[in-house]
Amino acid sequence: MRRSPVNNNPVNSSAWNAQIQSALLRRHFLKGSAMGVGSVALTSLLKPRLFAQPHFVPKAKRVIYLFMSGGPSHVDIFDEKPELKRLDGKPIPESFVDGVHFAMIDERVKRPKLKASPFQFERRGKSGLNISSLMPHLSQVADELAVIKGLRSEVFNHDPAVNLLNTGDSRLGRPTMGAWLSYGLGNETQQLPSYVVLTSGVKRQPLLNSYWSNGFLPSEHQGVRLRNGGDPILFLSSPAEIQRIERRSQIDLIRKLNEKHFQRTRDREIISRIEQYETAFHLQASAPELVDLKQESQATLDHYGADPKKPSFANNCLLARRLAERGVRFIQLYDMGWDSHDNLFQQHQRQCKAVDQPIAALIQDLKQRGLLEETLVIWGGEFGRTPVIQGGGKNWGRDHHPHGFSMWLAGGGVQGGITYGETDDFGFHATENKTSVHDLHATVLHLLGIDHKRLTYRHQGRDFRLTDVAGEVVRAIIG
Amino acid sequence: MGVLSLCSISFAEEVQFDRDIQPILANRCFKCHGRSEVDRKAKLRLDQFESAKRVLLKSATKESELLARVKSSDPNLRMPPPETGPPLTSGEIEKLEAWIQRGATYTQHWAFIPPKKPSLPEVRDLTWSQNPIDRFVLARLEKKGIVPSPPASRRTLLRRLSFDLRGLPPSPEEVHTFVQNSDPASTQKVIERYLNSHQFGEKQAQVWLDLARYADTTGHAADKPRSMWLYRDWVISALNENLPFDQFTLQQIAGDLLPNASVSQKVATGFHRNSMQALGNNPRKEEFRIKGIVDRLDTTGKTWLGLTVSCSECHDHKYDPLSQEEYYQLFAIFNNVPHYGQKFGVRGPQLKVLSLEQREEWDRQEALIARAQSELNSLKLSGNSSAESKWLEDPFSYFESKHEWKYRFAVRGEGDRFSQDTPWGKGNSLQFEGDPESVQPISIKPGGEASFTLSVWIKTRSKLADIVSNYDWRGKQRGFVLGIGGQRDPGYRAGHPYVWLSATPNPFSGIEIEGSKRIDDGKWHHLAFIFEPGKKAQLYIDGKLDLKSRVKGTIPARLAQPNRPWILGGGYSNSPSPNSYFLRGKVHDLRLYSSVIPNVNQLGAVSPELRRAIIVDERERTQQQRELLRSFSFNLSSKSKRLTEQIQRAKEKQDKLQKKAHTAQVMEELEEPRETHIHVRGDFEVKGKRVQPGLPQFISIPESKKNPNRLDFAKWLTHPEHPLMARVTVNRIWAQYFGQGIVRTLDDFGTRGDVPSHPKLLDWLALELIESAWDVKRIHRLIVSSTTYQQSSVLRKDLQTLDPDNRWLAQFSRRRMTAEQIRDLALSVGGLLSLKYGGPSVYPHQPQGIGEFRDATAGKWKMSHGEDRYRRSLYTFWQRMSPYPSLVAFDAPSRERSCAQRSTTNTPLQALALLNDPIFVEAAESCAQRIINKFSEPEDRIRFAFSLILSREPDREELDYSLKFLKRWSGNNKNSSLKIWRSLCQVLLNLDEAITSE
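These protein sequences, in sequence, are chains A and B. Just so we're aligned, residue 1 is where the first sequence starts under the working numbering, counting upward by one. Just so we're aligned, residue 480 is where the second sequence starts under the working numbering, counting upward by one.
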């Protein structure tokens, strides 16, 4: 994690102390400039360009990305389609499915049947945003949401689609958005990593380390997953017999011996390592404190529907707020279990029930604390679900659907209570104001004060970007 | 930008196109004015003189347009335009100006011209150099007026050599001896010892395995385990045996295509089988096959060519002279590997390979076979006419005489159903009509604990029929059935022979066998079945034990005796009389014996030729037919029979070994090459122009073949005149020791890559590698024996301004160790490290819940026991989607893709891992135990801890610090001195010095 090199535990005043301090200052200076740090051991040519300042005044400082892993159904939550109701059970017109690949629907079914949403839509809030009965709590904050309804991609399998949403490329190996932001903006906090991942839900699709990968960026920009059981951060706890006071004295001895060695070798990497041990020591205290939800009032817990004893998406939303308060740059929540190939009726009710109240509470809570305007909240899956039916009978479901689906953004300089883009009469293809994943990324970076064309990293002779070679900022949703 | 500031030139020096100008053009201009037609603006190409001269040269009336544009302050005129990038620096403009003044000559990019052996440069200080490397380095330093550093201390040098060559710390004893003996020859001796240790290959393998993206799982969502470790072991032993680098390359790219390829050469091709493979219910198989090839080209480019070939997957390379068409010509070379299976079973070719012990057992059996075979051959020469004549009288009496009861279904009679259509051309066969009337009773009833052997000839087109049966499952009267098609039970295939044999009439308890070959082709086939209770249940088809039968269940200790009679020509279905699965076809010569007839197979082994030789009249037998008969009858003589049985047994043992063998993933070549097309914009479904295999034009190698295959490609790579491969290779080896390459972009020697700091040294090393017949250890030895390498790493103040990146090597660079080295160090000082060499990957301890959200197919982390918990880190099971956490913490890559150089970071998570990961805690405790056991005085113990972990003695202050620490905590914690010493060992293990090679 990147931290500004403020020394919390000044070492004893000695001649060397002054030299260490000046090394720290120099290090700070180098990091702030566009030059790489001149440490001999590192591949300084390849060292990242760091942005002491964003490219322009940011609207948002951080991101909370609520990732509905498996793919929530847009036509059942945000994208009401009366035509679907009218033609329920009829085969979809051929023109819609021409050249379309489905993931699971039998290829021999040339024209699968349209399926109306069984959920009631209603106009919500002052803005009259259309949201179905699956999300009653979210409806209370409808005026905060900018729903993008014309998202589209061509990637219809989970793993590549998640990669696309995270990295701008369906293949493995590129850095994720969180890593790009950690690299581009650094961190606001010394005590926590800049990129934190939380997980919850019913396991259906795997969650892979590559979903929070640094790709070809230096590995310090990798996301750190807070675990639901045991140590919240891997290897956080000291061995059982080592009390905190003894650990302090270990760290002190490590520092003293490292300082002596710095005298011998004059390598500033040693100073950096001394800092990292201090941070680690603080993390050992601050991380358990961070994840200790018992510190929250019962009212707050009830508001989110959180229960400190049981891991849940609600707990993670509350944790997200705590992380946001502490200055973590990119917080990503994965909620598993949205892949409703069958039993969509029950499964989507279960999934929505688990996320609806906590998300609404998160937005209200952020707002109340004055954090919403500087925190961009993103909601969405790797794709939507087909307006046509998969299977049949009571257990009907919907297949993967990347050709037109919905996501929403809130806070962080986004205009609330609006929709942007449209799909056709069935919710099949994006038709109006189509938004690509690159456009979405460009918009997110823009809100954080970054010109997506200028956040680059030289790798293998090429300057890579999160948005690859595309991306237009969706200005219509910016408040 | 680092590149240019580093090589700012004085104009006393000649401007060189490739060093000074090309990087400017490539970085700042080629994007819009390069090779790519699609991106070209204003129809201007700056990468070749002819098309560029109109803007480069000044005319009578005009200044150079290019210079005017780059100098302009008008945003509408300035190049590059503001949205593309900042203006050129004044240094860059000066260079361009100087170049244009001298006529703007283009030369080929330096890396695409084969290296020439440079003469050794003159140096003023003649005492400094130990070998030619030093001459090149010193010449440059002298020119820059920089003084090199003094040599590292003996103990630092030994620790450096030990970690760099074998990845492990030196023992305190080694340090002691080495420090005592300052003779330079002793350094050389240590270098040789390390170069020749097993640990050398293990250490070097890590770098290669990163390039090879070696992992033990398939990657992507499914991330299934895949047996790859044989390839990893191949790499280690190839490095240890110092396999010449051209061979090392040839075998990995095309070992399978070498003439008479050995198993080891085939295993080597695992290099390119490390590509990830998507598995599952719906990934498009072809799409991911294509992605695999793209990955192979990317990896080949990084590993051997130092080129970013992947740029040309979708369009012509913007900076280097590789067109999209050439990319797909290379693609065509790699496009012919078979791709099998569906869904979760998609895979490339595999090879069964024996482990070392298995190989030894195999060789023992092979020797046995050879001995028996040679005895047989000499017997054959001496002849054995009596056995022959006896056998000819009645081919079968020979086996039968010894057996008590036997049953022979004599086909004698008259009527339409009898015919002389038999496999022998004599005797009769009986036609079965697929009706109840055709069924024949069998008068005996095998069963109980008795063995039996059944033999029958059959000619049928029935896909579903029972032949011999007393088996009625509906009536709960199970026994034995031999038939075809398995009564259409799930999983049974039409036309295949099968046997069911149950120990009890109800429920089923016994064995199911399904033969691997169809017999419903309307030709004569021989079926035999041998049952020896609890021991043997074997199906023979056409005289051969059917090794590929599908077998379910176990061999029962008895055969049930249901109340259904044995019949021929049909089966039962809930009734005491035959009423189902009637046979349509001919039967000849059914026999049943009350024992195991080991040679029963020979009844059917009779080939059609031999059958003809038997039935033809003796006087008409040809010489060939007589030979055939002679050798067959000879095989029946008792001595030869014994030998034949010996061979048979040995072969069975070999078969069993083969079944237990390990699987290697290998490359193979399809007989019919696939068609290759350009994929328009890299989309695998949009096929453009068809292309043939071919090699890039910009590298001209004599004798390159037309229509090259993988082997030709590998030969092209390893050709001594190839400009890239040797340079890329020595540069990568160099980077292992100095932390950065002579060219710092290890995997990009193209026009956008780094400019070499010591171009002549690079060429000298490259030619040294080529001319030494690709002796890789020679390069390692040269580097570590150089004065340059053996300098002190103490950072010099003057160098921080003169050469902050240490490009000119006036000192050695401290380097944090790799993840593997750090873990191996801890295990080693704890005395825990196992030096077991090679073998399947291991599962050392990792915290619960790692990879908990991986796919169900991905398999569990099955913790290893015993010494496998403490193996060298490179043997850790490499799970791409959830790699071993304490390796990841220290920048080990996930190996989804090829990685030429790891990043080196310094994070608090590393501090947490090193302080708290149970394996590091255990190592510290074990180290503490060693210290306590060896010494009783605290100061001695501290000294020993320092020498174990840091390879040096503490100074007074360090001793005092440590004593103070111990005193403070022993007061609190009287009972556990081990824990206090563990605390101190932890401290030492967490020092920057401990995990840094200095």
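The C-beta atom is built at its ideal place from N, Cα and C for all residues, glycine as well. Computed from a predicted structure; not experimentally measured.
For residue i, collect the residues of the same chain with a Cβ closer than 6 Å to its Cβ; drop the 5 residues on either side in sequence, then sort them by chain order.
i: residue 1475 of chain B; result: 1293, 1295
i: residue 377 of chain A; result: 64, 410, 411
Could you have a look at residue i and say whether DSSP puts it in helix, strand or coil?
i: residue 975 of chain B; result: coil
i: residue 780 of chain B; result: helix
i: residue 339 of chain A; result: coil
i: residue 1448 of chain B; result: helix
i: residue 300 of chain A; result: helix
i: residue 857 of chain B; result: helix
i: residue 936 of chain B; result: strand
i: residue 1137 of chain B; result: helix
i: residue 1171 of chain B; result: coil
i: residue 1249 of chain B; result: helix
i: residue 454 of chain A; result: coil
i: residue 1522 of chain B; result: The structure shown does not extend to residue 1522 of chain B, since chain B is modelled only from 480 to 1477, so the question has no answer here.
i: residue 1399 of chain B; result: helix
i: residue 1003 of chain B; result: strand
i: residue 471 of chain A; result: coil
DSSP has residue i in a bridge; who is on the other side?
i: residue 432 of chain A; result: A:422
i: residue 385 of chain A; result: A:400
i: residue 228 of chain A; result: DSSP output for residue 228 of chain A lists no bridge partner at all.
Could you name the residues of chain D that residue i contacts, counting a contact when the two beta carbons are closer than 7 Å?
i: residue 184 of chain A; result: The structure shown contains no chain D; its protein chains are A and B.
Which one of the options has the shortest CA to CA distance from residue i?
i: residue 235 of chain A; options: B:1341, B:1328, B:1375, B:1435; result: B:1328
i: residue 1426 of chain B; options: B:938, B:914, B:650, B:1456; result: B:650
i: residue 374 of chain A; options: A:401, A:385, A:329; result: A:329
i: residue 1016 of chain B; options: B:961, B:1390, B:1318, B:532; result: B:961
i: residue 499 of chain B; options: B:561, B:543, B:560, B:576; result: B:576
i: residue 394 of chain A; options: A:264, A:342, A:93, A:325; result: A:342
i: residue 74 of chain A; options: A:233, A:364, A:323, A:340; result: A:340
i: residue 795 of chain B; options: B:785, B:808, B:784; result: B:808
i: residue 971 of chain B; options: B:1030, B:984, B:1013, B:1070; result: B:1030
i: residue 1220 of chain B; options: B:1241, B:1283, B:547, B:624; result: B:1241
i: residue 309 of chain A; options: A:291, A:299, A:322; result: A:291
i: residue 686 of chain B; options: B:662, B:696, B:711; result: B:711
Please list, in chain order, all residues of the same chain as residue i whose beta carbon is under 8 Å from its beta carbon, the five residues on each side excluded.
i: residue 880 of chain B; result: Summary for residue 880 of chain B: the model assigns pLDDT 43, below 50, so the residue's position carries little reliability; its value from the coordinates is reported in the next sentence. Excluding residues within five positions, none has a Cβ falling inside 8 Å.
i: residue 120 of chain A; result: 132, 133
i: residue 1379 of chain B; result: 689, 690, 781, 782, 1211, 1225, 1226
i: residue 728 of chain B; result: 783, 1193, 1196, 1197, 1204
Which same chain residues end up closer than 7 Å to residue i when comparing Cβ atoms and leaving out the 5 residues on each side of it in sequence?
i: residue 1488 of chain B; result: Nothing about residue 1488 of chain B can be read from this structure; chain B reaches only from 480 to 1477.
i: residue 432 of chain A; result: 150, 421, 422
i: residue 640 of chain B; result: 669, 670, 673, 1263
i: residue 1407 of chain B; result: 1457, 1460, 1461, 1464
Taking 7 Å as the line, does the beta carbon of residue i fall inside it for any heavy atom of the ligand SAM?
i: residue 461 of chain A; result: As for the ligand SAM, it is missing from this structure, which has no ligand bound.
- Query: Three or more beta-carbon pairs under 8 Å between the segment 58–67 of chain A and the segment 442–450 of chain A, yes or no?
  - Reply: yes
- Between the segment 395–409 of chain A and the segment 143–152 of chain A, do at least 3 Cβ pairs fall closer than 8 Å? yes
- Quick one: any contact between the segment 937–954 of chain B and the segment 1041–1060 of chain B, if contact means 3 or more CB pairs under 8 Å? yes
- Message: Taking 8 Å as the cut-off, does the segment 77–89 of chain A touch the segment 102–115 of chain A (at least 3 CB pairs, one atom from each stretch)?
- Response: yes
- Message: Between the segment 715–732 of chain B and the segment 126–145 of chain A, can you find at least three pairs of beta-carbon atoms closer than 8 Å?
- Response: The segment 126–145 of chain A is not in contact with the segment 715–732 of chain B.
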